[in-house]
Amino acid sequence: EAGVAQSPRYKIIEKRQSVAFWCNPISGHATLYWYQQILGQGPKLLIQFQNNGVVDDSQLPKDRFSAERLKGVDSTLKIQPAKLEDSAVYLCASSSIGASSYNEQFFGPGTRLTVL
Amino acid sequence: AQSVTQLGSHVSVSEGALVLLRCNYSSSVPPYLFWYVQYPNQGLQLLLKYTSAATLVKGINGFEAEFKKSETSFHLTKPSAHMSDAAEYFCAVRRTGNQFYFGTGTSLTVIP
């Protein structure tokens with residue numbers, strides 16, 4: 001089966017500019033996650049969707065970050081305006097919500113954002 | 117709250133030597149634990165997961181982990197390191213609501 005797709009793979013912008021990332025999860029996966037991974041750290045959950053509803057966005061800086069998952073499939077994550085500290089890899093992941101509690105996440109390759 | 121702690125942000129081993137990466141969890145209920153590997157410029161890939169069927173879990177690429185409730189640990193091991201094992205390794209716990217929390221990671225260097 002096809003994996004989680006993300007684009008672009010790399011993005012360089014100047015501070016105060018806007019940027020958007022796109023994610024296409026594995027077909028049939030109801031749960032979609034966006035993580036921010038700063039260099040040398042573990043992934044930090046930004047937002048979690050189940051179908052097209054938000055489950056958890058407690059760590060999403062809502063003054064500048066927004067995300068949507070229209071129709072419960074693809075998702076976009078936007079930063080507007082970007083700050084220097086937003087430089088990181090943005091990872092998208094998806095998982096199924098079957099009866100098993102051991103459903104793992106499948107990750108995309110990530111988008112490396114550099115804010116100058 | 118459930119969380120994981122990875123001891124040692126950097127581990128170096130010689131090629132052919134034992135690999136031991138440490139992960140401790142905090143949980144008041146049986147945890148759902150995972151180990152992921154991340155190669156440079158790539159996303160995370162699942163190595164193995166604890167399913168409660170057995171305390172010793174075998175994963176891909178010769179890795180295994182042992183769940184020890186008495187020590188609240190889920191350390192990752194591999195008997196003989198290979199150069200291709202050099203990567204970043206993350207321990208993760210799944211909470212209710214299908215939410216995952218990751219440790220800070222351990223960077224493994226394999227010395228030829």
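In the order they appear, the protein sequences are chains Y and Z.
Here our numbering is used: the first sequence runs in plain steps of one and ends on residue 116.
Here our numbering is used: the second sequence runs in plain steps of one and ends on residue 228.
We put the CB at the ideal spot given by N, CA and C, even for glycine.
Beta bridge counterpart(s) of residue i as assigned by DSSP
| i | result |
| --- | --- |
| S94(Y) | L32(Y) and F106(Y) |
| G53(Y) | Q50(Y) |
| T76(Y) | W22(Y) and E68(Y) |
| R211(Z) | Q215(Z) |
| I176(Z) | None; I176(Z) has no bridge partner. |
| Y152(Z) | L162(Z) and F206(Z) |
| V226(Z) | V129(Z) |
Distance, residue j Cα to residue i Cα
| i | j | result |
| --- | --- | --- |
| Q59(Y) | L46(Y) | 5 Å |
| G221(Z) | L70(Y) | 33 Å |
| I38(Y) | K185(Z) | 31 Å |
| V226(Z) | R211(Z) | 33 Å |
| T66(Y) | T76(Y) | One detail in the question is off: residue 66(Y) reads as Ser in this sequence, not Thr. Roughly 8 Å between the two C-alpha positions. |
| K174(Z) | F183(Z) | 11 Å |
| A93(Y) | F106(Y) | 5 Å |
| G124(Z) | N24(Y) | 34 Å |
| S130(Z) | F179(Z) | 16 Å |
| Y35(Y) | A20(Y) | 14 Å |
Contact set for residue i: own chain, Cβ-Cβ below 7 Å, skip 5 residues either direction
| i | result |
| --- | --- |
| S87(Y) | L113, T114 and V115 |
| L67(Z) | Any property of residue 67(Z) remains undetermined from this structure, which presents chain Z solely from 117 to 228. |
| Y155(Z) | A203 |
Cβ shell of residue i (< 8 Å), same chain only, five flanking positions each side left out
| i | result |
| --- | --- |
| L231(Z) | Any property of residue 231(Z) remains undetermined from this structure, which presents chain Z solely from 117 to 228. |
Contact check, residue i vs residue j, beta carbons under 8 Å
| i | j | result |
| --- | --- | --- |
| K15(Y) | K83(Y) | yes |
| Q161(Z) | P109(Y) | no |
| V153(Z) | Y205(Z) | yes |
| N96(Y) | G28(Y) | Rather than Asn, the amino acid found at residue 96(Y) in this sequence is Ser. For S96(Y) and G28(Y), yes; Cβs fall inside 8 Å. |
| Q215(Z) | D57(Y) | no |
Cβ neighbours of residue i in the same chain (closer than 6 Å, five flanking residues each side left out)
| i | result |
| --- | --- |
| K165(Z) | F150 |
| S189(Z) | N140 |
| F49(Y) | L32 and R69 |
**OP:** Determine which residues of the segment 165-187 of chain Z have a Cβ less than 9 Å from any Cβ of chain Y, and write them out in chain order.
**Re:** Residues K165, Y166, T167 and S168.
Original post:
At a Cβ cut of 7 Å, what residues of the segment 91-116 of chain Y count as close to chain Z, listed as they run along the chain?
Top reply: L91, S95, I97, S101, Y102, E104, Q105, F107, G108, P109 and G110
Original post:
For the segment 41-60 of chain Y, which residues have a beta carbon sitting closer than 9 Å to at least one beta carbon of chain Z?
Top reply: Q41, G42, P43, K44, L45, Q48, Q50, V55 and D56
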